[in-house]
Amino acid sequence: MNNFTSSSSVISSDTVIKGKIDFKGELLIEGKTSGDILGDSLTLGPSAKVDGKIIVKAITVQGSFTGFIRSDSVKLDSGSTVNGDIEHSEISIETGANFNGKVIRISKQQKKSAENETEEDNSIYSLTDKAVAK
Numbered sequence: 041m042n043n044f045t046s047s048s049s050v051i052s053s054d055t056v057i058k059g060k061i062d063f064k065g066e067l068l069i070e071g072k073t074s075g076d077i078l079g080d081s082l083t084l085g086p087s088a089k090v091d092g093k094i095i096v097k098a099i100t101v102q103g104s105f106t107g108f109i110r111s112d113s114v115k116l117d118s119g120s121t122v123n124g125d126i127e128h129s130e131i132s133i134e135t136g137a138n139f140n141g142k143v144i145r146i147s148k149q150q151k152k153s154a155e156n157e158t159e160e161d162n163s164i165y166s167l168t169d170k171a172v173a174k
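For reference, each letter of the sequence shown is one residue, going 41 to 174 in my numbering.
(1) When you compare the CB positions of threonine 100 and threonine 73, do they come within less than 8 Å of one another, or not?
(2) Looking at glycine 65: is its Cβ nearer than 8 Å to the Cβ of aspartate 80?
(3) Between Val56, Val90, Gly107 and Ile61, which lies nearest to aspartate 125 when the distance is taken from Cα to Cα?
(4) Note the first and the last residue of the continuous beta strand (DSSP E) segment covering glycine 107.
(5) If I'm right that asparagine 138 touches serine 111 with Cβ under 8 Å, what's the distance once you round it to whole angstroms?
(6) Can you look up phenylalanine 139 in the DSSP assignment and give me helix, strand or coil?
(7) Decide if valine 56 is buried, meaning its Cβ has at least 16 other Cβ atoms within 10 Å, or exposed.
(8) Starting from the C-beta of lysine 170, find all residues in its chain whose C-beta is less than 8 Å away, skip the five residues before and the five after it, and write them out in chain order.
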């Protein structure tokens with residue numbers, strides 16, 4: 041089990057969320073979510089089933105994710121399943137992680153223009169484009 045004593049927020053395994061999640065600090069998701077996730081430090085726990093577009097400073101995936109990730113630091117733990125593209129500054133993929141998609145390294149120039157783009161356009165992902173987490 042994870043030690044999340046300093047976590048700001050937890051979405052428990054019996055929770056389903058459809059829509060945008062915007063958070064500060066740390067967020068642990070153990071439940072099912074579908075939609076945009078924007079914030080600082082995100083962990084998708086072992087029971088998480090998430091789909092959508094994630095833009096965070098750091099992410100650790102232990103559960104299941106489908107969609108797009110943009111993050112400075114990405115860690116795919118053993119047993120995780122990720123289907124989709126990842127834009128990152130640094131990435132770690134442990135033995136036993138299942139990954140299907142493209143990995144794109146973000147340069148500092150791309151990162152600055154992407155941040156400006158996100159600030160201008162808050163509708164970065166349409167729920168109609170993805171299936172709901174199962």
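From the three backbone atoms N, C-alpha and C, an ideal C-beta is built for every residue, glycine too. Predicted model only: the values in this text are computed from it and were never measured.
In short, the structure shows the following:
(1) Residue mapping note: residue 100 aligns to position 60 of the sequence shown, counting from 1. Residue mapping note: residue 73 aligns to position 33 of the sequence shown, counting from 1. Not a contact, by the Cβ cut-off of 8 Å.
(2) Counting from 1 along the sequence shown, the entry for residue 65 is found at position 25. Counting from 1 along the sequence shown, the entry for residue 80 is found at position 40. Against a cut-off of 8 Å, the Cβ pair of aspartate 80 and glycine 65 comes out as a contact.
(3) Position 85 of the sequence shown, counted from the first residue, corresponds to residue 125. Nearest option by C-alpha distance: Gly107.
(4) As a working note, residue 107 is residue 67 in the sequence shown. Where glycine 107 is concerned, the enclosing beta strand (DSSP E) stretches over 104 to 116.
(5) Numbered from its first residue, the sequence shown carries residue 138 at position 98. Numbered from its first residue, the sequence shown carries residue 111 at position 71. With a Cβ gap of about 18 Å, asparagine 138 and serine 111 do not count as contacting.
(6) Numbered from its first residue, the sequence shown carries residue 139 at position 99. Strand.
(7) Counting from one through the sequence shown, the residue named residue 56 turns up at place 16. By the neighbour-count rule (16 or more Cβ atoms within 10 Å), valine 56 is not buried but exposed.
(8) Here residue 170 refers to the residue found at position 130 when the sequence shown is read from its first residue. In this prediction, lysine 170 has a pLDDT of 42, which is less than 50 and means its spatial position is unreliable; nothing more can be read from the coordinates.
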